[in-house]
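S.K.: Residue numbers (the numbering used here): 13 to 94.
The following block contains the structure, expressed as structure tokens.
Structure representation (structure tokens):
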């Protein structure tokens, strides 16, 4: 899944979702968040937030669960910039 904000040209957050199955047959979801930041916008305040996003996303997954974490990322990335 790729999340884009039309007001932030070139910024993208990609959610990678993999399913790992162990030897006992237990399915374990593995999620990661990958930010894409254009080089010309590296000084933008959203760039700093996007760089910290993967670690924050992993923490949210443990605290909130998958659905709430993805919902939080979508809402925060869709917020208007000032």
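Note that the Cβ used here is the ideal one computed from N, Cα and C, for glycine as well.
#1: Return the residue from the list 26, 31, 17 that minimises the CA-CA distance to residue 69.
#2: Mind checking whether residue 65 and residue 47 have CB atoms under 8 Å apart?
#3: When you compare the CB positions of residue 44 and residue 28, do they come within less than 8 Å of one another, or not?
#4: With burial defined as no fewer than 16 other Cβ atoms inside 10 Å of the residue's Cβ, what is the status of residue 13: buried or exposed?
#5: Assign residue 81 to one of two classes, buried (16 or more other C-beta atoms within 10 Å of its C-beta) or exposed (fewer than that).
#6: Roughly how many angstroms separate the alpha carbons of residue 76 and residue 22, rounded to a whole number?
M.R.: Put simply:
#1: In terms of Cα proximity to residue 69, the closest of 26, 31, 17 is 26.
#2: Pairing residue 65 with residue 47 gives a Cβ-Cβ distance under 8 Å.
#3: In this structure, residue 28 lies closer than 8 Å to residue 44 by Cβ.
#4: Its Cβ having fewer than 16 others within 10 Å, residue 13 is exposed.
#5: Counting every other CB atom within 10 Å of its CB across the protein chains shown gives residue 81 a total of 16 or more, marking it as buried.
#6: Answer to the nearest angstrom: the Cα atoms are 28 Å apart.
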